[in-house]
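In terms of our numbering, the sequence shown opens at residue 1 and continues consecutively. The C-beta atom is built at its ideal place from N, Cα and C for all residues, glycine as well. The structure appears below as structure tokens.
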Amino acid sequence: MTTDDGKTRGGGDGRERTYRVEMLSRVEGEGRFWLRLDDDDRVKDARLAIFEAPRFFEALLRGRSLYEVPDVVARICGICPVAYQMSSTRALERALGIDPPAPAIRALRRLLYCGEWIES
Numbered sequence: 001m002t003t004d005d006g007k008t009r010g011g012g013d014g015r016e017r018t019y020r021v022e023m024l025s026r027v028e029g030e031g032r033f034w035l036r037l038d039d040d041d042r043v044k045d046a047r048l049a050i051f052e053a054p055r056f057f058e059a060l061l062r063g064r065s066l067y068e069v070p071d072v073v074a075r076i077c078g079i080c081p082v083a084y085q086m087s088s089t090r091a092l093e094r095a096l097g098i099d100p101p102a103p104a105i106r107a108l109r110r111l112l113y114c115g116e117w118i119e120s
């Protein structure tokens, strides 16, 4: 973590400090974090930026059946296939005008997410 030049810690002179973490690990793509504190160590600003280049996976879905989409997108990431499956399922439901699923289905989907979090 680095501190911007010219920033001081405390002292009551109204000067602020900025901390920057230029490279975050354990995020998809590249991540950065900035934190600005005022003279009393209160957070003035906090920013998280994650950059990921486009991978154009949508090209893999052209010409395929709607029923194949959740299985194809599950292979995008080996760590979080359920997130991709559920996101694609929700997108298809919205695109087709399908009402939100019954509470039991939502509960099952939540269990799938929880299982993925535990595994990860």
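Around the beta carbon of residue 113, fewer than 16 other beta carbons lie within 10 angstroms, which makes this residue exposed. DSSP, reduced to helix, strand and coil, places residue 56 outside both helices and strands of the structure shown, so it counts as coil. For residue 118, the enclosing alpha helix (DSSP H) starts and ends at 103-119.
The beta carbons of residue 51 and residue 29 sit closer together than 8 Å. In the structure shown, the three-state DSSP call for residue 83 is helix.
For the set 42, 74 and 47, the Cα lying nearest the Cα of residue 31 is the one of 47.
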